[in-house]
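**Q** In this text, residue positions in the sequence shown follow UniProt numbering: the first is 1, and each later residue adds one.
Where is the CB? At the ideal position from N, CA and C, for every residue including glycine.
Keep in mind it's a predicted model, so treat the numbers as computed, not measured.
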Amino acid sequence: TSLYPEHHLLSLARYYSLACLFYEAVRKYSSEEIFELLQEKMTPIVEELKGLVMNYEGTEAGALAQALSEEGYEILAPEEEIIAVKGIIVDLSSYMEEALTKYPYGPDKTLLKEGMDLVKEKKCKEAGGYFLALLNKFPESKLIISAHYQLALVYGNLTAYKQGIREFKELIKINPKDELADDSQYLIGYYYLCLESYKNAQRNFEKVIKNYSDSPRALWARKDIQIMEQKGLLEKKEEGV
Numbered sequence: 001t002s003l004y005p006e007h008h009l010l011s012l013a014r015y016y017s018l019a020c021l022f023y024e025a026v027r028k029y030s031s032e033e034i035f036e037l038l039q040e041k042m043t044p045i046v047e048e049l050k051g052l053v054m055n056y057e058g059t060e061a062g063a064l065a066q067a068l069s070e071e072g073y074e075i076l077a078p079e080e081e082i083i084a085v086k087g088i089i090v091d092l093s094s095y096m097e098e099a100l101t102k103y104p105y106g107p108d109k110t111l112l113k114e115g116m117d118l119v120k121e122k123k124c125k126e127a128g129g130y131f132l133a134l135l136n137k138f139p140e141s142k143l144i145i146s147a148h149y150q151l152a153l154v155y156g157n158l159t160a161y162k163q164g165i166r167e168f169k170e171l172i173k174i175n176p177k178d179e180l181a182d183d184s185q186y187l188i189g190y191y192y193l194c195l196e197s198y199k200n201a202q203r204n205f206e207k208v209i210k211n212y213s214d215s216p217r218a219l220w221a222r223k224d225i226q227i228m229e230q231k232g233l234l235e236k237k238e239e240g241v
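1) Hey, residue 45 and residue 12: beta-carbon distance below 8 Å or not?
2) Does the segment 128 to 142 come within contact of the segment 61 to 76, defined as at least 3 CB pairs closer than 8 Å?
3) Do you know offhand how far residue 157's Cα is from residue 146's?
4) For residue 14, count neighbouring C-beta atoms within 10 Å of its own C-beta (all shown protein chains included) and say buried if the count is 16 or more, exposed if not.
5) Leaving out the 5 sequence neighbours to the left and right, which residues in its chain are closer than 6 Å to residue 178 when beta-carbon positions are compared?
6) If we ignore side chains and look at the alpha-carbon of each, how far apart do residue 83 and residue 89 end up?
7) Put residue 67 into one of helix, strand or coil per three-state DSSP.
8) For residue 2, which residues of its own chain have a beta-carbon under 8 Å away from its beta-carbon, when the five flanking residues on both sides are left out?
9) Buried or exposed: residue 70, going by 16 or more other Cβ atoms within 10 Å of its Cβ?
10) Applying the criterion that 16 or more other CB atoms from any shown protein chain within 10 Å of the CB defines a buried residue, is residue 227 buried or exposed?
11) Run through DSSP, which three-state label would residue 179 get?
12) Tell me, to the nearest whole angstrom, how far the beta carbon of residue 63 is from that of residue 52; I am working on the premise that it is less than 8 Å.
13) Output yes or no for whether 8 Å exceeds the beta carbon distance between residue 103 and residue 125.
14) According to DSSP, simplified to helix, strand and coil, what is residue 188?
15) For residue 41 versus residue 56, is the C-beta spacing smaller than 8 Å?
16) Suppose you measure from the CA of residue 22 to the CA of residue 16; what does that come to, to the nearest Å?
Below is the structure:
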């Protein structure tokens, strides 16, 4: 068996070694208080991943390293944390408890349907309780994508934009190719726009254009970026960021 660096198994072994270091660094250091330490640990790992990409382009190891290095860049250049927001933080736990009291065993379809019916009645908090109940009671359900999406919309209607952003992000994390993913990515940008966090809005609109170029949402994203540029919003220092 060849022991040269270009050997397929050796390149994969090197990738998995770096991946272990990568996720160990994330596990240990991914809190706001020690973000600088995370950067210190993560940067050389990402640089080595870039080297793998260059040396093994077109191979399995190269593709894996490319994906992980992109994840690393997302971690090293996180979206700005919003401290002072125009929206509010909404606690729907009591509504979730009510839903689970009424339907302690579900099923998941019933919880989703009840939530959707309440949305039609414009009872957003009650609806959100059902979507939360579904997510907590049936984490393996095929309906969790819909539940995350509907819960994010509920939070948006309640101006709890940061919470809505979190739900949309979770949806995309679960399945970035889902039919709701392009809309979710666009709405993340829109929610940041509502929070007057314009650079974050721009960053997420650009993700729509990059990752969902065939979607009508990409056209919307381009227009929104253009409007922000015309109004000089991207040049302003954002308060509370």
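**A** Based on what the coordinates show:
1) Counted from its first residue, the sequence shown places residue 45 at position 45. Counted from its first residue, the sequence shown places residue 12 at position 12. Taking 8 Å as the cut-off, the Cβ atoms of residue 45 and residue 12 do not count as close.
2) Judged by Cβ distances under 8 Å, the segment 128 to 142 makes no contact with the segment 61 to 76, as fewer than three pairs qualify.
3) Taking the sequence shown and counting its residues from 1, one reaches residue 157 at position 157. Taking the sequence shown and counting its residues from 1, one reaches residue 146 at position 146. Cα-Cα distance, rounded: 17 Å.
4) Here residue 14 refers to the residue found at position 14 when the sequence shown is read from its first residue. Only buried fits residue 14, as 16 or more other CB atoms lie within 10 angstroms of its CB.
5) Within the sequence shown, numbered from 1, the residue matching residue 178 stands at position 178. These residues qualify, in order along the chain: 145.
6) Within the sequence shown, numbered from 1, the residue matching residue 83 stands at position 83. Within the sequence shown, numbered from 1, the residue matching residue 89 stands at position 89. Legend: pLDDT at residue 83 = 44, less than 50; position of this residue unreliable, no value from coordinates given.
7) In the sequence shown, the residue the question calls residue 67 occupies position 67. Note: residue 67 maps to helix in three-state DSSP.
8) Taking the first residue of the sequence shown as 1, we reach residue 2 at position 2. Low local confidence applies: a pLDDT of 40 at residue 2 is under 50, so the model's placement there is unreliable, with the coordinate-based value given in what follows. Cβ-Cβ distances below 8 Å link residue 2 to nothing in the same chain once the five nearest sequence neighbours on each side are left out.
9) Taking the sequence shown and counting its residues from 1, one reaches residue 70 at position 70. Residue 70 is exposed by the Cβ-count criterion.
10) In the sequence shown, the residue the question calls residue 227 occupies position 227. It counts as exposed.
11) Working through the sequence shown from its first residue, we reach residue 179 at position 179. In the structure shown, residue 179 adopts coil according to DSSP, grouped into three states.
12) Position 63 of the sequence shown, counted from the first residue, corresponds to residue 63. Position 52 of the sequence shown, counted from the first residue, corresponds to residue 52. At roughly 10 Å, the Cβ-Cβ gap does not stay under 8 Å, so residue 63 and residue 52 are not in contact.
13) Your numbering for residue 103 matches position 103 in the sequence shown. Your numbering for residue 125 matches position 125 in the sequence shown. Contact: no.
14) Here residue 188 is taken as the residue at index 188 of the sequence shown, counted from 1. Correct three-state label for residue 188: helix.
15) The sequence position of residue 41 within the sequence shown is 41, counting from 1. The sequence position of residue 56 within the sequence shown is 56, counting from 1. Cβ distance not < 8 Å, so residue 41 and residue 56 don't count as in contact.
16) Taking the first residue of the sequence shown as position 1, residue 22 is located at position 22. Taking the first residue of the sequence shown as position 1, residue 16 is located at position 16. Taking the straight line from one Cα to the other gives about 9 Å.
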